[in-house]
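Chains as they are written, first to last, in this note's numbering: chain A, 513 to 806; chain B, 54 to 387; chain C, -14 to 265.
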Amino acid sequence: MTSTELSPDVRAKTSALQTMRTSAWLGWKIESNWTDPLIFAIYSIIRPISTAAILIVMYLVIRGGEFGQPDFVNMYIGNAFFILVGAAIQGVSFGILDDREHYRTLKYIYIAPIRVPVYLVGRSFGSILVAMFSVLITLLFGAFFLKIPIVFSEINWGLFFAAIVLGLLAMISLGIILGSWTLIIKNNAWSLGESLGAGLLIFSGAVFPLNILPAPLQWIGSALPISYWLALIRRALVPEIGRAYPMYTDVSDGRLILILLGFTLAYLVIAALVYKRLDFIARERGNIDMVSNY
Amino acid sequence: MFAVETEALGRIYKIKKTRKEPAHTLIALDNVNLKVNQGELFGLLGPNGAGKTTLIKVLTTLLGPSSGTARVNGLDVARQPEEIRRQINMVSGGETSGYGLLTVRENLWMFTQFYGIPSRQANERIMELLKIVGLEDRANTKSSNLSTGLRQKMNIVRGFMTDPTVLFLDEPTLGLDVGAARDVRRFVREWVSEDPRRTLLLTTHYMVEAEEMCDRVAIINQGKILACDTPQRLKESLSSEGVFSIQVSALDQSEFEELKQIPGFRQGTIKQIESGAELELVLADDSVLAGLIGFLAAKGSSIITLHKREATLEDVFISLVGKSMKDVENGAAD
Amino acid sequence: MALQTKVTRRSGPRLFFQTVIGRAYPRIIGTQRDLAWLFFDIFLPFLSMVAYVYIYRALKAPEEYIGFVVLGSAMTAYWLNILWAMSSQLYWEKETGNLALYIISPTSMMAILFGMASGGLFATTVRALVILVIGNWLFHVSYTVVSFWALFLVFVLTMAALYGLGMMLSSLFLLFNREAWHTANLLQAPVMLFSGFYFPVRVFGFWAAAAASIIPLTLGMDAIRQLVFPSGPLLGFLSVKVELIVLSILSVAFLFGAFYTLRLMERLAIRLGRITDRLG
């Protein structure tokens, strides 16, 4: 062995990193490269602001314009961060559809010596990055125009970053589960990720507390990591108001983090199992190089 | 009256400025003069990017001419597109038409409705044509479940459904297997011959297809018509010259360039193979061979095989362009 | 082998009618052939409706607002249909190669657009009705219909204006935009906001509501709310009569607009070579 040769182990690790880096670059290019940066920025702002504005107006017509009230602040922050849920969930499945039906490259990805899930996760980074930008814009809009009381010095940054990292991992796991399902769908289900993401709003506690739902729907919400994650985000950004939200009031921050960690690990395992099974079915049915032609 | 007639037809595309290249124009058709008689099966032969598809688009009213005129059955493409559309149809190879969730029969029926054909007649004709192309057992299959070749057959049937007087086939056998391509060629030939009012203009980059099927062929490259005649006469234009296929033990590209200087050399191509190189040469006459053999000997190369053969349309193309069609498509240097 | 079956070809109004039926067919048959739509077009919008209902429940809104959400969710199906299956449609047709085949046929492109619109309207009405029925059943929405005839007229005029707009946008999308997907995506949420899918549009004030009325669903939904909910007239933007007049004007204007933009699109596309982009 010469001194410059890499061991197979190192090669495998480099390859995963390289795959992730390349697919993240690709995802970002596809997400942003269709127009010039200004139009892209406007495009990225309009949608989240409009969605937030629907909530603002709903609140306005019922409660009047007191946007500093805890129930509105919690709803606003929940809605802002829910954008990330939609993006992470949609990212993977959209990448699969885009590569399979539009660019028709999924088959080449599959025969390349890379780990496909790593590629798919990287591919979704573009939409996650845009979503992060949207979250930021929505929060800034809220802070400036609605006086949402986010005080920089009062933010619990440690809790915030821990929650963001764990939450993103959990959301990506959900994305892989949905993406795996997309692998076997014989349909041009472009809106699947987005619609299902929007559907999860019900079970997330993002814009209303779970306890107003009928019991069976509450159970679904409790079995998903989103509501714990959003509770932590609220407590990190607006500690007082966040704790006033009528969900998990008797659970400490530390315990909430542990719960989220548990859920994240569980969903990572579930995602791996679901991917393995559905990927097998997709290859058995010959779905990898399928074009729906609708 | 000609079925198709163009006079000094030109078409340019204006390419907008991008980050990578400045604004520029691309000449797709350059002073094209063409006359296709009624009842003729006419072929446009040229490499990919030669301008064949652009010409078809102009003639089918999808694209306006930038200069000159084009007429179909005496009607001007720019001024009388509606009248032309009543008389034509078009099939593009490699493209799918219709909707994946409709069956073959439903897709075809839908298109007949855009031509005002009553449903009963349309359904009878669909079944007849499907039988001819061997697709009748797939009439009720969703077109998304068809293979590429079968989808192309459906597309071809669509072109014949409406009884056009001028039919444009753009690479119709693209993607078809050998047997299916043969069936399509036979059907196309018969369709034209059974009614003298029918004209068919076909683009292809398959030499055999042009030679086998067409009454006349125009050779097109870089938007220009280089020659237009019957395949036989095009080949005969090289009859005073000799066409040779020669396999030699070794010859590289620079030596081949030197070979081109031999007096009497007209055109030629070289392809490197495992056991040496293959030359396709058009020489002024047989006497040039002496000089060629001397040249090869001086280069230390020996002849493995040499045979004189009849000229093909490929040779005609090489003699006109200086490169094989494949080399043009691959962007080989002049 | 000579073809045995002879075909005749109609022209004029019969060709127009045949084209409309021909192009509507895939959309109508699609609803029964591809049952995935039950999931994608009903179940998923239904989840979204439930979310908005519970937001109002959490805010302790009057029960009528639940009705607004159910109605708005049903009408969302039409807006999504206009964006994704009308405005973007010619663009998709270009991508798949069908557009060239439509243009070289002797039929009118207006007939093709009418076919797309009528097929889309039928398929979407099925979806909207299902969402409406389930929403009503689940959330016990009660309606007090003032006049069935007025309601019918509002619906018909709203759809005429809306699908006229869709037909017009289809040419514009194709002409000025190569990114139909992004444009449709961009237009989705702002219209959901300003057309008042979940609340009375008068909350925006007169001028903003008037500007939003360019989207026919704004006045259409406002008029429907006034005609079926007891508090509707109190929350209405304009009187139903005025809204009917504006919707009539919009219907005619968009239909003419569709006709002229289509002609413009065809002319420019042929000149610039945009109907099919490939060179050859």
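Glycine included, every Cβ here is placed at the ideal spot set by N, Cα and C.
query, result
"For the segment 166 to 185 of chain B, list every residue whose C-beta sits within 8 Å of some C-beta in chain C, in sequence order.", "Q166, F167, Y168, G169, I170, P171, Q174, A175, E177, R178, E181, L182 and I185"
"Any chance the segment -12 to -4 of chain C sits against the segment 165 to 180 of chain B, with 3 or more Cβ pairs inside 8 Å?", "yes"
"Could you tell me whether the segment 551 to 570 of chain A touches the segment 645 to 660 of chain A, using the rule of 3 or more Cβ pairs below 8 Å?", "yes"
"Taking one C-beta from the segment 735 to 752 of chain A and one from the segment 667 to 686 of chain A each time, how about it: are there three or more such pairs within less than 8 Å?", "yes"
"Whole angstroms are fine: how far does the CA of F715 (chain A) sit from the CA of F792 (chain A)?", "30 Å"
"Identify every run of the alpha helix (DSSP H) within the segment -10 to 56 of chain C, keeping only runs that are complete inside it and at least 4 residues long; order them along the chain.", "-3 to 18 and 29 to 43"
"Take A59 (chain C) as the anchor and find which of C:R112, C:M71, C:W77 and C:L253 has the nearest alpha-carbon.", "C:R112"
"May I ask you to list the residues that DSSP assigns as paired with A271 (chain B)?", "B:L97 and B:C281"
"Thinking C-beta only, is G104 (chain B) closer than 8 Å to L79 (chain B)?", "no"
"Would you call the CB atoms of N274 (chain B) and V111 (chain B) closer than 8 Å?", "no"
"Who does A330 (chain B) pair with in a DSSP beta bridge?", "B:V301 and B:Q325"
"DSSP three-state call for Y620 (chain A): helix, strand or coil?", "helix"
"What's the C-alpha gap between I13 (chain C) and M101 (chain C)?", "10 Å"
"Compare the Cα-Cα distances from I769 (chain A) to each of A:R795, A:A675 and A:L695 and report the closest residue.", "A:A675"
"Can you list, in chain order, the residues of its chain with a C-beta nearer than 6 Å to that of Y128 (chain C)? Leave out the 5 residues immediately preceding and following it.", "V213"
"Are S90 (chain C) and V5 (chain C) touching if we call contact CB-CB under 8 Å?", "no"
"Compare the C-beta of S150 (chain B) against all C-beta atoms of chain C and say whether one is closer than 8 Å.", "yes"
"Tell me the rounded alpha-carbon separation between A351 (chain B) and S328 (chain B).", "19 Å"
"Does any CB atom of chain A fall closer than 8 Å to the CB of G258 (chain C)?", "no"
"Which of the residues in the segment -14 to 2 of chain C, read from start to end, lie with their CB under 8 Å from any CB of chain B?", "M(-14), A(-13), L(-12), Q(-11), T(-10), K(-9), V(-8), T(-7), R(-6), R(-5), S(-4), R(-1) and L0"
"Does chain A have any CB closer than 8 Å to the CB of L178 (chain C)?", "yes"
"Measure the C-alpha to C-alpha separation of R252 (chain C) and T246 (chain C) and round it to an integer number of angstroms.", "10 Å"
"Use the C-beta contact count for V237 (chain C): other C-beta atoms within 10 angstroms, 16 or more gives buried, fewer gives exposed.", "exposed"
"Closer than 7 Å between beta carbons: that is the criterion. Which residues of the segment 783 to 799 of chain A meet it against chain C?", "none"
"Going along chain C in order, which residues have a C-beta closer than 9 Å to the C-beta of R612 (chain A)?", "Within chain C, no residue comes near R612 (chain A); the closest Cβ sits about 16 Å away, beyond 9 Å."
"Would you check if the segment 306 to 323 of chain B and the segment 265 to 284 of chain B touch, i.e. whether three or more CB-CB distances between them fall below 8 Å?", "no"
"For G384 (chain B), which residues of its own chain have a beta-carbon under 8 Å away from its beta-carbon, when the five flanking residues on both sides are left out?", "none"
"Using the C-alpha atoms, what's the distance from L229 (chain C) back to L138 (chain C)?", "8 Å"
"Quick one: does Y555 (chain A) have its CB under 8 Å from some CB of chain C?", "yes"
"Over what stretch of residues does the beta strand (DSSP E) that includes Y259 (chain B) continue unbroken?", "Note, Y259 (chain B): premise wrong, no beta strand (DSSP E); not H, not E."
"Are L199 (chain B) and L222 (chain B) close, meaning C-beta to C-beta below 8 Å?", "no"
"Count the other CB atoms within 10 Å of the CB of Q166 (chain B); is the residue buried (16 or more) or exposed (fewer)?", "buried"
"Across which residues does DSSP place E60 (chain B) in a beta bridge pair?", "B:T122"
"Would you kindly report the start and end of the unbroken alpha helix (DSSP H) that includes K352 (chain B)?", "Where K352 (chain B) is concerned, there is no enclosing alpha helix (DSSP H), given that its DSSP letter is neither H nor E."
"My output table needs one value for D83 (chain B): the three-state DSSP class, helix, strand or coil.", "strand"
"Go through the segment 731 to 796 of chain A residue by residue and report every complete run of the alpha helix (DSSP H) that reaches 4 residues or more, in order.", "738 to 749 and 751 to 756"
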